[in-house]
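First to last, the protein sequences are chains H and E. Per the UniProt record's numbering, the first sequence starts with residue 1, numbered consecutively. Per the UniProt record's numbering, the second sequence starts with residue 1, numbered consecutively.
Protein chains: 2
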Amino acid sequence: MISRIGSSRVTSIDVAQRAGVSQSTVSLVLSGKGEGRVAAATADAVRTAATELGYHPNAAARTLKSGLSHTVGLVVPDITNPVFGLVLRGAQQAATAAGYTVILVDVARGDGEESVRALRAAFVDGLLVFAIAPPAAALGPGGPPVVLMDMPATDLPSVTLDLKGGVHAAMEHLLGLGHRRIAHLRADVPTPTFVARANAWARALLDAGIDPADDLIVGSLFSHTAARVAGRDLLQRSPRPTAVLCDDDVLAAGLLLAARDLGLTVPGDVSVVGFDDMPLAEMVTPPLTTVAFDVPLFGTRAFEVLLAHIRGDADAPRSTWLATRLVIRESTAPPPTS
Amino acid sequence: MISRIGSSRVTSIDVAQRAGVSQSTVSLVLSGKGEGRVAAATADAVRTAATELGYHPNAAARTLKSGLSHTVGLVVPDITNPVFGLVLRGAQQAATAAGYTVILVDVARGDGEESVRALRAAFVDGLLVFAIAPPAAALGPGGPPVVLMDMPATDLPSVTLDLKGGVHAAMEHLLGLGHRRIAHLRADVPTPTFVARANAWARALLDAGIDPADDLIVGSLFSHTAARVAGRDLLQRSPRPTAVLCDDDVLAAGLLLAARDLGLTVPGDVSVVGFDDMPLAEMVTPPLTTVAFDVPLFGTRAFEVLLAHIRGDADAPRSTWLATRLVIRESTAPPPTS
DNA sequence: ACGTATGAATCATACGTATGAAGTCAAGGG
DNA sequence: CCCTTGACTTCATACGTATGATTCATACGT
């Protein structure tokens, strides 16, 4: 098979010559817009010639002419986190089906401007931005459509999780088990997502007649080592919380280590609830009770919304929610009796 | 800030008009090839005009004209695996520095052909293929440069791990602790990487005068659940192995669960060694002794090699090795005395 | 038999950039 | 005073595709 990725040497002109037609006809046939304009026999001849020569349209020329790259960018804060991998997968699946390609940009190194430059070079038709403030340069009038993920906004279309529902279910579960001192191990990142989680936690406590006091709260950077340190702090407070809602499974994993450090058992001495239901949640000891959502669907849904905006659909959705559910495993139990 | 990603409405002609020069001059100045051809004052005027208008060259036009997209593709088997995320990050860093963009393609869904089509559409200048057989359509005469990662090959440039060294160190560690029945929990994937790991394991045993018998071997699909099942099988054999070398940290995590299922302690009853030193390795109980390598550097190195081939450097490397080292944590200890 | 409607295919051009060839102008040598 | 040299600039064109405008031939109605 003689073919090239990228600079395909065989052009529509070659196909035209072989099929004995003009380049225009080739373009019409292969772009599908020849319906009713090109005779069936001619169309067949073109398609045959194209196949025989292994023709693939030149993306750069097509993009230049049409102004559409059929490429969208997905901006994530940390591709190391498997959640984003699954989001990408979901988005990629939907994109492939629609003839689009997804370019992933990881802004972990914080070099947002550089990333934007990369995207500009890649000529994206639209942008999926996950859980971070969209790069300023990506917005502005005349910019490409942007869909925010996991980050509510009033001025831009967004796809978010039903966080209130998720936290609510988790808190109801813990309250139902008899817990009262339910702490919150929160990510020290002031993004709307985590603010929403914090608010939902506080509201659930208030609704149960419990004061969401400061000594029930501890912040941590976004790593299991930081969470381990923060967790030791939290678990040494007196009175010790009997349950901890964590903003993320990775943080929950850190908390498990902290409990182990202090000789505490989970869920015997303290119950732990995570967030996101990463694969990790099943691998740690004990397996985590966690707030789950369909991660790939998140990506799929977001792409669909973006595509609607790219196409300029009048009824393209502005704000969409994705349901969450509580997965109960072995890290939660009634509080110690003493 | 009025700017667009993608279809930047302001073209080099606009800049030319504003600076009072021709489009050619703009191109010469901004592409850096005007050295000695364009007067300093003119160049300054062009650059000023470009900045004022917020000009960004149209990637599609540039690609069409030059035949270079300044984009490379990274093909990975499973972006959910954090290792690949780190590889991407390393590659992306090197790529950005060189003015390149990395497009990630995840072939997890097995739809390799579809992926290749996506890459073709994206017009890549080169391909980084991680640990899987390169898509046939990507090769063939006249194809773009390909660098294989973690997959030795004679006919294509490759960057691989010093597996023999890594396995050797792990086995020496276990043998030094007094283990004799050292089993191998292997990934049921016949890629060269895993074949190499298996061979290195067998060689180490033979060198120690131990028969790498079949009952020391168990295969598993690439997930912690599958490894858990396979691990239970392995750990119920008689005589039970006192140590297990796992092809991957995820498999090792599954084995830990299997041990727990059977009421065995790690490392008391059985020692476990993983591979890759994922973040997960520190989070499980007990933390895993594992064969580690500098993952981002792996990506960086691979991109550098690819770039050399794209540029057609005569001395572009064919085969490169990356060092590995053993990280000793808490999952290994001397075998039980009984 | 002639004008026209219709289907089929082609023409010509534009997208925005890069670049070899050609042009301009002033200074300097013969 | 003309011609060369050199330092700048610009011209013209090509990359490969998409598409509105156009041509062409055929069939139809009167």
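We treat Cβ as the ideally placed atom computed from N, Cα and C, and that holds for glycine.
For a cutoff of 7 Å on Cβ pairs, would you count residue i as touching chain H?
{"i": "R329 (chain E)", "result": "no"}
{"i": "D106 (chain E)", "result": "yes"}
{"i": "I103 (chain E)", "result": "yes"}
{"i": "R89 (chain E)", "result": "yes"}
{"i": "V189 (chain E)", "result": "no"}
{"i": "T11 (chain E)", "result": "no"}
{"i": "L255 (chain E)", "result": "no"}
{"i": "P82 (chain E)", "result": "yes"}
{"i": "T285 (chain E)", "result": "yes"}
{"i": "A259 (chain E)", "result": "no"}
{"i": "A292 (chain E)", "result": "no"}
{"i": "F303 (chain E)", "result": "no"}
{"i": "F298 (chain E)", "result": "no"}
{"i": "residue 355 (chain E)", "result": "This structure gives no information on residue 355 (chain E), because the portion of chain E shown stretches from 1 to 338."}
Flag residue i as yes if its beta-carbon sits less than 7 Å from any beta-carbon of chain E, otherwise no.
{"i": "G85 (chain H)", "result": "yes"}
{"i": "H224 (chain H)", "result": "yes"}
{"i": "P77 (chain H)", "result": "no"}
{"i": "M149 (chain H)", "result": "no"}
{"i": "T63 (chain H)", "result": "yes"}
{"i": "V273 (chain H)", "result": "no"}
{"i": "A60 (chain H)", "result": "yes"}
{"i": "F130 (chain H)", "result": "no"}
Assign residue i to buried or exposed, taking buried as 16 or more other Cβ atoms, counted over all protein chains shown, within 10 Å of its Cβ.
{"i": "I13 (chain E)", "result": "exposed"}
{"i": "P145 (chain E)", "result": "buried"}
{"i": "residue 414 (chain E)", "result": "This structure cannot settle anything about residue 414 (chain E), because the visible part of chain E is limited to 1 through 338."}
{"i": "D125 (chain E)", "result": "buried"}
{"i": "L205 (chain E)", "result": "buried"}
{"i": "T290 (chain H)", "result": "buried"}
{"i": "P190 (chain E)", "result": "exposed"}
{"i": "E282 (chain H)", "result": "buried"}
{"i": "L20 (chain E)", "result": "The displayed chain sequence assigns Gly, not Leu, to residue 20 (chain E). Flag for G20 (chain E) reads exposed."}
{"i": "S220 (chain E)", "result": "buried"}
{"i": "G312 (chain H)", "result": "exposed"}
{"i": "P239 (chain E)", "result": "exposed"}
{"i": "G143 (chain E)", "result": "buried"}
{"i": "G178 (chain E)", "result": "exposed"}
{"i": "R9 (chain E)", "result": "exposed"}
{"i": "G36 (chain H)", "result": "exposed"}
{"i": "T63 (chain E)", "result": "buried"}
For residue i and residue j, what's the separation of their Cα atoms in angstroms?
{"i": "V46 (chain E)", "j": "R318 (chain H)", "result": "41 Å"}
{"i": "R232 (chain H)", "j": "S271 (chain H)", "result": "14 Å"}
{"i": "K33 (chain E)", "j": "S24 (chain E)", "result": "11 Å"}
{"i": "H184 (chain H)", "j": "V167 (chain H)", "result": "11 Å"}
{"i": "P334 (chain H)", "j": "I79 (chain H)", "result": "36 Å"}
{"i": "L235 (chain H)", "j": "L175 (chain H)", "result": "19 Å"}
{"i": "D155 (chain E)", "j": "L127 (chain E)", "result": "15 Å"}
{"i": "G85 (chain E)", "j": "P77 (chain E)", "result": "11 Å"}
{"i": "P192 (chain E)", "j": "M151 (chain E)", "result": "6 Å"}
{"i": "T332 (chain H)", "j": "N58 (chain H)", "result": "56 Å"}
{"i": "R18 (chain E)", "j": "L53 (chain E)", "result": "9 Å"}
{"i": "G299 (chain H)", "j": "A213 (chain E)", "result": "46 Å"}
{"i": "T320 (chain E)", "j": "E172 (chain E)", "result": "25 Å"}
{"i": "D207 (chain H)", "j": "W201 (chain H)", "result": "10 Å"}
{"i": "residue 352 (chain H)", "j": "D247 (chain H)", "result": "Any answer about residue 352 (chain H) is impossible in this case: the structure gives chain H only from 1 up to 338."}
{"i": "residue 346 (chain H)", "j": "L28 (chain H)", "result": "The structure shown has nothing for residue 346 (chain H), since chain H only spans 1 to 338."}
{"i": "T42 (chain H)", "j": "A49 (chain H)", "result": "11 Å"}
{"i": "L264 (chain E)", "j": "D277 (chain H)", "result": "27 Å"}
{"i": "E325 (chain H)", "j": "R228 (chain H)", "result": "For clarity, residue 325 (chain H) is Arg in the given sequence; the question names Glu instead. Rounded to the nearest angstrom, the two C-alpha atoms are 26 Å apart."}
{"i": "A153 (chain E)", "j": "A323 (chain H)", "result": "47 Å"}
{"i": "V15 (chain H)", "j": "S22 (chain E)", "result": "36 Å"}
{"i": "A95 (chain H)", "j": "R203 (chain E)", "result": "46 Å"}
So residue i and residue j are in contact, right, with Cβ under 8 Å, and what is the actual spacing, rounded?
{"i": "V87 (chain H)", "j": "V295 (chain H)", "result": "6 Å"}
{"i": "P241 (chain E)", "j": "P267 (chain E)", "result": "Between P267 (chain E) and P241 (chain E) the Cβ distance is about 13 Å, and since that is not below 8 Å, they are no contact."}
{"i": "D269 (chain H)", "j": "P336 (chain H)", "result": "6 Å"}
{"i": "A292 (chain H)", "j": "V327 (chain H)", "result": "5 Å"}
If you measure from the CB of residue i, is any heavy atom of the ligand MN nearer than 6 Å?
{"i": "I310 (chain E)", "result": "Only the bare structure without any ligand can be found here, which leaves the ligand MN out of the picture."}
Specify whether the stretch 241-259 of chain E and the stretch 271-282 of chain E touch according to this definition: at least 3 beta carbon pairs, one from each stretch, less than 8 Å apart.
-> yes
Between the stretch 95-102 of chain H and the stretch 64-81 of chain H, are three or more C-beta pairs nearer than 8 Å?
-> yes
Are at least three pairs of beta-carbons, each pair with one atom in the stretch 301-321 of chain E and one in the stretch 305-313 of chain H, less than 8 Å apart?
-> no
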